[in-house]
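Right, one structure below, let's go through it.
In the working numbering, the protein residues as written are 47 to 423.
Right, here's the structure in full:
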């Protein structure tokens, strides 16, 4: 029962998270934002996760998951309501910052909880199930955002998105007592510097960070690219959702894929596949073609999260898994903070197609020159 509750909490929260990001971009474009402003908006979603991920992990280890999850769900709901009150770019940026703070505590608590509940022999399967729930939500969120934005307008669409976070808040109020409690530990706090330089960990963190940057660029700049080629908000939502559909397919076969290869080898192949898929984006403008590219792109990149979660949890000190996952979350958001601003400037200067090609080089290079050597070792 607890595992099903965990998957439900993951699904409804991630639906709201993915809807909020697509809505924020669509609304910003409607308000006249250019590529650089879109990049700054993407960075705002990552700013507080970068600063708070490690402390959030320590709080989860010490106090358990229920309170961070409840506060995270309520905080995200409040963030979604801000553009309903003030239809301005400032309100959208404040909503992004609020969402970033709330999502940090929610995500770290939930990811750690999956590991805590799993026996070692079941950990790959449970993280794969968790990842499939996330993939389903990652498809539902953009669809909800795109169709509601076109159908009822941005204000009501943000209100609908807020309801996605109310659902897990109610579930936690009713059944949160069933979640695992914190276990006292005598282990010393993690040394973040040693963790980041550990040869068994840093290639995984780099791969995860590259993947998250690629996913963010797809999520934030496909709307810009689609809008420039007269795609509707609903069509843009479908394209982004297909990325998640590809991820769901990959995560279904992930345990068997890992069993035949290894975690590092799968990471290498995923980065290379997604990089080559990104190269194709500027050559097509129809929703159908972009959806097929998104399917292949998502099949590659969306396996990186469960693999990095498994490795970080397995290699964390006893009783410090929340901290370890917080370090991973912070590393992801460091690139998500800096990357969008840089890429936004590139898109403004050279155009959005150049942005896709540069990121494709980064993904393929990461697979060949960072993850492949680690896989051989």
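Here a beta-carbon is modelled for each residue, glycine too, at the ideal position from N, C-alpha and C.
- Residue 267 sits buried, since 16 or more C-beta atoms from the chains shown fall within 10 Å of its C-beta.
- Residue 146 sits close to residue 93, with the two beta carbons spaced by under 8 Å.
- Distance from the Cα of residue 263 is smallest, within the candidate group 157, 186, 112 and 87, for 87.
- If you draw a 10 Å sphere on the C-beta of residue 250, you find 16 or more other C-beta atoms in it, and that means buried.
- If you look at residue 314, you'll find it in the alpha helix (DSSP H) that goes 309-326.
- Contact check between the stretch 327-344 and the stretch 285-296: three or more CB pairs, one atom from each, fall below 8 Å, which counts as touching.
- The distance from the Cβ of residue 115 to that of residue 156 is about 7 Å, consistent with a contact at the 8 Å cut-off.
- In the DSSP assignment, residue 224 falls outside any alpha helix (DSSP H), carrying neither H nor E.
- Boundaries of the alpha helix (DSSP H) harbouring residue 76: 48-76, taken from the DSSP string.
- By the CB criterion at 8 Å, residue 352 and residue 177 fall inside the cutoff.
- Selection 214, 345 and 403 evaluated against residue 303 yields 345 as nearest (Cα-Cα).
- As the crow flies, the alpha-carbon of residue 356 is around 7 Å from that of residue 170.
- For residue 80 against residue 394, the beta-carbon gap comes to about 6 Å, under 8 Å, which counts as contact.
- Secondary structure of residue 255 (DSSP, three-state): helix.
- Burial check for residue 269: the Cβ neighbour count within 10 Å reaches 16 or more, so the residue is buried.
- The DSSP-derived three-state label of residue 154 is helix.
- Contact annotation, residue 52 with residue 159: C-beta distance approximately 6 Å; criterion of less than 8 Å satisfied.
- Rounded to whole angstroms, the Cβ separation of residue 333 and residue 284 is 6 Å, and the two are in contact under 8 Å.
- A Cβ-Cβ separation of about 6 Å places residue 64 in contact with residue 183 under the 8 Å criterion.
- Between the stretch 91-108 and the stretch 399-410 there are fewer than three C-beta pairs closer than 8 Å, too few to call the two in contact.
- Residue range 112-131 is occupied by the alpha helix (DSSP H) that includes residue 131.
- Across the set 348, 287, 253 and 323, the C-alpha of 348 shows the shortest separation from the C-alpha of residue 299.
- In the DSSP annotation of this structure, residue 167 is not part of any alpha helix (DSSP H), being labelled neither H nor E.
- In the three-state reduction of the DSSP assignment, residue 277 falls in the coil class.
- Within the same chain, Cβ atoms closer than 8 Å to the Cβ of residue 414 are found at 314 and 318, the five residues on either side in sequence being excluded.
- 8 Å or more divides the Cβ of residue 190 from the Cβ of residue 321.
- The straight-line gap separating the alpha-carbon atoms of residue 70 and residue 331 is approximately 22 Å.
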